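For reference, the structure discussed in these notes is given below.
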Amino acid sequence: MKTIKILGTGCPSCVSTQKVVEEVINELKIEATLLKVDDIQQIMAYDILSTPAVVIDEKVVIKGKVPSKEEVTALLADNFANNACCSDDNTDSSCCSSEEKESGCC
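Quick note, in our numbering, the sequence shown goes up one by one and the last residue is 592.
And the structure:
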């Protein structure tokens with residue numbers, strides 16, 4: 487399961503970003519945990535200069551703007567498709583390379 491974080495202190499742009507991400511998660515039926523991070527110290531740890539920001543598995547993928555639904559869809563669809571075989575349920579899957587199995591991805 488992926489972890490998606492919305493970084494922001496609660497401004498209207500941050501709220502809009504969260505709504506867009508929630509819509510895409512629901513439409514794509516993605517198994518993900520969506521977290522709202524509004525603590526300024528935690529936000530600063532991601533080394534961003536402006537919010538809102540979207541973080542997928544601890545990687546900042548959007549920062550300083552409200553993303554479009556299409557942008558979020560592309561990010562999440564690509565991110566989840568690229569990692570489709572890399573889950574605990576597929577450790578014996580032929581789609582996992584030996585390198586992925588050794589790294590713990592598969």
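By construction, the Cβ of each residue, glycine as well, lies at the ideal position given by its N, Cα and C atoms. Predicted, not measured: the structure shown is a model, and the values here were computed from it.
Under 8 Å: do the segment 545-552 and the segment 513-527 share three or more Cβ pairs, one atom per stretch? Contact between the segment 545-552 and the segment 513-527 is absent, because fewer than three Cβ pairs lie under 8 Å.
Among 490, 556, 495, 487, nearest to residue 536 - alpha-carbon criterion: Comparing Cα-Cα distances from residue 536 to each of 490, 556, 495, 487, the minimum goes to 495.
Residue 539 - DSSP class collapsed to helix/strand/coil: Of the three classes helix, strand and coil, the one that applies to residue 539 here is strand, per DSSP.
Helix, strand or coil, according to DSSP, for residue 560 in the structure here? The answer is helix: DSSP assigns residue 560 an H, G or I state.
Residue 551 by DSSP, collapsed to three states: which one? It is coil, neither helix nor strand.
Just tell me which of 525, 513, 563, 530 has its CA closest to the CA of residue 542. Here the closest residue by C-alpha is 563.
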